[in-house]
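Counting from 87, one number per residue, gives the positions in the sequence shown under my numbering. A virtual CB, placed ideally from N, CA and C, is assigned to each residue, including glycine. Keep in mind it's a predicted model, so treat the numbers as computed, not measured.
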Amino acid sequence: MQQEDYITKLLGFQGFYVRDMEVERDGDIEKAILYLGRTEDKYICSLCDNEVTSKHSSWLQEVRHLHIWKYQTILRFEKVKVRCSKLGLRG
Ligand SMILES: [Zn+2]
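Below, the structure is given as structure tokens:
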């Protein structure tokens with residue numbers, strides 16, 4: 087198992103895997119940045135549970151997570167706005 091696979095397992099976020107990791111320094115704080123990728127290339131509409139394969143737009147979301155030893159862990163992952171075939175454009 088590769089290093090990223092271990093981290094993916096530790097993180098335990100369904101539907102995501104850790105595709106990259108880096109350490110950033112912010113003053114005295116050392117941050118471990120985890121870049122998350124989606125395990126599947128499809129999305130679920132949050133309103134009607136319709137399965138959506140095309141996205142309208144996306145942006146990078148950053149979430150503070152727990153500390154790993156001395157590192158503040160930051161999760162970075164893509165948030166998408168989907169184009170639902172039933173409801174039209176939705177977040
Ligand atoms: Zn929908």
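| Item | Value |
| --- | --- |
| heavy atom of ligand 1 below 7 Å from K128 C-beta | no |
| Given 8 Å, three or more beta-carbon pairs between the region 110-123 and the region 154-168 | yes |
| Buried versus exposed, by CB contacts within 10 Å (16 or more), T94 | buried |
| Sub-8 Å separation of C134 and V168 beta-carbons | no |
| Residue closest to T139, alpha-carbon to alpha-carbon, out of C170, E90, L96 | C170 |
| Near ligand 1: K172 beta-carbon under 7 Å from a heavy atom | yes |
| Residue environment, V104, which counts as buried when at least 16 other CB atoms sit within 10 Å | buried |
| Separation of M107 from G113, as counted between CA atoms | 19 Å |
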